[in-house]
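Numbering (my numbering), first residue to last: 9 to 491. We treat Cβ as the ideally placed atom computed from N, Cα and C, and that holds for glycine. All figures in this text were calculated on a predicted structure; none of them were measured in a lab. Read through the structure below, which is laid out as structure tokens, and then see the notes.
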Ligand SMILES: Cc1ncc(COP(=O)(O)O)c(C=O)c1O
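Here it is as structure tokens:
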């Protein structure tokens with residue numbers, strides 16, 4: 009970077025802000041490209057004749073605003089898009105009373121998203137183009153040829169041993185040391201959560217959830233005749249422990265269900281200290297916690313965040329996850345680690361559908377054992393991160409300027425908040441029926457019908473001109489609706 013002498017500081021702008029602005033211009037002009045490493049703090053101090061603390065302040069400001077990111081032991085890097093960063097939604101403040109659930113619209117959102125004509129910005133679906141489908145198909149063939157009897161046999165819970173062995177091995181990176189016999193295989197995360205809820209609640213009970221929360225979870229609550237108590241939730245680090253403690257101390261809830269890492273739809277992720285406090289809290293009150301960690305391996309930077317289960321010493325956490333977002337949604341390979349509720353979960357699994365099909369479980373186990381999984385995950389995280397950035401950039405370009413967007417550090421969805429009065433359900437209907445574009449309207453993420461002015465967008469499909477046009481169309485429809 010050329011040696012630059014900065015202008016003198018003015019009353020209304022500090023020197024570090026000028027440094028930050030100058031770097032922002034270099035990014036906007038393309039001199040510094042997404043992924044480029046910024047000069048070290050020492051080098052910039054020399055080149056721009058400013059102090060180390062000024063450079064550090066400037067880098068922190070740019071990081072806070074989402075233009076750059078720090079990589080441990082490596083320095084600061086330009087984030088892959090967006091070049092303008094929209095404001096973030098504020099923490100939610102849902103109603104304090106439990107609500108029964110009606111999810112008819114959520115079902116429609118899920119089913120319409122499977123129409124091949126529809127542009128899939130609604131459901132959190134990964135594109136087949138970024139999944140290792142050829143390798144999985146080849147392995148499935150090998151499984152069927154090498155174990156023809158086993159692949160077609162009946163099985164019993166806890167399910168296929170080679171898969172449970174691989175899952176136990178991979179759970180070490182989430183901070184969990186478990187043995188294969190503590191794992192029960194399921195038909196995806198959804199079934200794991202459903203069985204866990206059924207194991208720890210009775211019809212009529214209330215369950216604490218994030219707000220907004222994954223609508224599939226609300227669907228499970230509805231079927232099980234459970235009520236949802238929505239907890240205030242921060243878009244960066246999840247539920248308010250204060251409000252959870254109040255609900256626990258008033259004996260209001262029978263269980264708590266959370267997406268611990270890169271939640272859906274907010275993308276929030278608790279730090280380890282908060283995770284530990286949370287597990288200590290529910291353990292103190294002896295209330296089970298169902299942890300949905302379907303996005304845990306999809307961090308954009310650094311290392312995989314720990315699971316809540318990693319802090320569980322008394323078997324109070326029922327951990328649920330799957331390979332739906334990272335390998336294949338259609339194979340329906342998931343699992344539960346139900347702690348002290350394992351016998352009940354196994355019995356329910358047996359009664360409801362006996363076991364998960366063996367061939368997909370063996371196929372996923374073979375893929376995990378083959379050694380290519382980590383490489384695949386690196387590419388996949390990059391794809392999700394880039395697409396999340398592209399969609400954010402498109403929101404900046406095409407949506408009204410006061411639109412707020414989350415800044416997840418992992419996962420595959422964005423939560424978008426528009427001005428009060430905007431109707432995301434009307435947008436859903438119009439975009440789908442007139443333009444073949446699916447979105448997920450905000451109301452389906454809340455038992456109390458909140459978030460009508462919000463929507464969730466899927467970032468699981470690589471960027472194309474078609475998605476660009478769809479984002480432009482959504483922007484046009486939104487502006488027309490609110491003007
Ligand atoms: C938070 C969350 N849990 C569970 C699921 C469903 O996972 P699976 O397909 O493994 O049942 C999804 C899918 O969107 C999700 O976002």
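How many angstroms separate the CA atom of residue i from the CA atom of residue j?
i           : j           : result
residue 17  : residue 392 : Note that residue 17 has pLDDT 46, beneath the 50 cutoff, so the model's placement of it is unreliable and the number below is only indicative. Whole-angstrom Cα-Cα distance: 40 Å.
residue 133 : residue 159 : 27 Å
residue 193 : residue 265 : 19 Å
residue 13  : residue 25  : Confidence is the limiting factor: at residue 13 the pLDDT is only 46, short of 50, which leaves the residue's position unreliable and the question unanswerable from this model.
residue 19  : residue 379 : Residue placement at residue 19 is flagged as unreliable, the pLDDT there being 47, under the threshold of 50; the coordinate-derived value follows with that caveat. Roughly 58 Å separates the two Cα atoms.
residue 114 : residue 63  : 48 Å
residue 377 : residue 168 : 14 Å
residue 410 : residue 488 : 15 Å
residue 341 : residue 191 : 13 Å
residue 15  : residue 27  : Low confidence applies to residue 15: its pLDDT is 41, below 50, so where it sits in the model is not reliable, and the reading given next is rough at best. Going from the Cα of residue 15 to the Cα of residue 27 covers about 10 Å.
residue 446 : residue 101 : 27 Å
residue 477 : residue 309 : 29 Å
residue 400 : residue 440 : 21 Å
residue 250 : residue 205 : 23 Å
residue 461 : residue 437 : 14 Å
residue 136 : residue 381 : 16 Å
residue 9   : residue 53  : The pLDDT assigned to residue 9 is 49, lower than 50, so where the model puts this residue is not dependable, and the model offers no usable value.
residue 88  : residue 405 : 16 Å
residue 234 : residue 324 : 20 Å
residue 364 : residue 397 : 36 Å
residue 475 : residue 395 : 10 Å
residue 415 : residue 275 : 7 Å
residue 124 : residue 459 : 28 Å
Quick check on this structure: which residue in the options has the alpha carbon closest to the alpha carbon of residue i?
i           : options               : result
residue 304 : 269, 208, 210 and 188 : 269
residue 444 : 466, 224, 374 and 126 : 126
residue 255 : 242, 113 and 294      : 294
residue 385 : 368, 418 and 401      : 418
residue 408 : 398, 351 and 481      : 481
residue 356 : 208, 174 and 146      : 208
residue 188 : 347, 475 and 401      : 347
residue 299 : 82, 225, 274 and 251  : 225
residue 338 : 57, 107, 139 and 34   : 139
residue 457 : 155, 219 and 191      : 219
residue 118 : 464, 485, 161 and 349 : 464
residue 326 : 267, 312 and 274      : 267
residue 297 : 277, 448, 413 and 261 : 261
residue 361 : 97, 164 and 210       : 164
residue 32  : 71, 58, 60 and 153    : 71
Is it true that the CB of residue j sits closer than 8 Å to the CB of residue i?
i           : j           : result
residue 184 : residue 317 : yes
residue 370 : residue 170 : yes
residue 329 : residue 302 : yes
residue 157 : residue 367 : no
residue 142 : residue 455 : no
residue 452 : residue 424 : no
residue 84  : residue 67  : yes
residue 217 : residue 239 : yes
residue 433 : residue 466 : no
residue 286 : residue 278 : yes
residue 413 : residue 99  : no
residue 106 : residue 221 : no
Between which two residues does the alpha helix (DSSP H) carrying residue i extend?
i           : result
residue 438 : 432-443
residue 250 : 249-257
residue 150 : 141-154
residue 358 : 350-361
residue 171 : 169-179
residue 289 : 280-293
residue 484 : 473-490
residue 235 : Run containing residue 235: none in the alpha helix (DSSP H); it sits in the beta strand (DSSP E), 235-239.
residue 391 : 381-406
residue 53  : 49-56
May I ask which residues mark the beginning and end of the beta strand (DSSP E) holding residue i?
i           : result
residue 193 : 192-195
residue 214 : 214-218
residue 466 : 462-466
residue 326 : 325-330
residue 342 : 341-345
residue 229 : Run containing residue 229: none in the beta strand (DSSP E); it sits in the alpha helix (DSSP H), 223-231.
residue 263 : 263-267
residue 162 : Counting along the chain, residue 162 falls outside any beta strand (DSSP E), and DSSP gives it neither H nor E.
From the beta carbon of residue i, is the nearest beta carbon of chain C less than 8 Å away?
i          : result
residue 73 : The question asks about chain C, but that chain is absent: this structure has only one protein chain.
Please confirm if the region 189-206 is in contact with the region 330-350, defined as three or more CB-CB distances below 8 Å between the two stretches.
-> Between the region 189-206 and the region 330-350, the count of Cβ pairs shorter than 8 Å is three or higher; the stretches touch.
Is the region 76-85 close to the region 44-62, with three or more CB pairs under 8 Å?
-> Under the Cβ criterion (8 Å, minimum of three pairs), the region 76-85 counts as touching the region 44-62.
Three CB pairs or more closer than 8 Å across the region 175-182 and the region 306-325 | Taking a contact to require three or more Cβ pairs closer than 8 Å, the region 175-182 and the region 306-325 qualify as touching.
How do the region 453-472 and the region 387-403 stand: do at least 3 beta-carbon pairs fall below 8 Å, yes or no?
-> Segments in contact, yes.
Inter-stretch contact (C-beta, 8 Å, three-pair minimum) for the region 419-431 and the region 100-114 | The region 419-431, when compared against the region 100-114, does not touch it at the 8 Å Cβ threshold.
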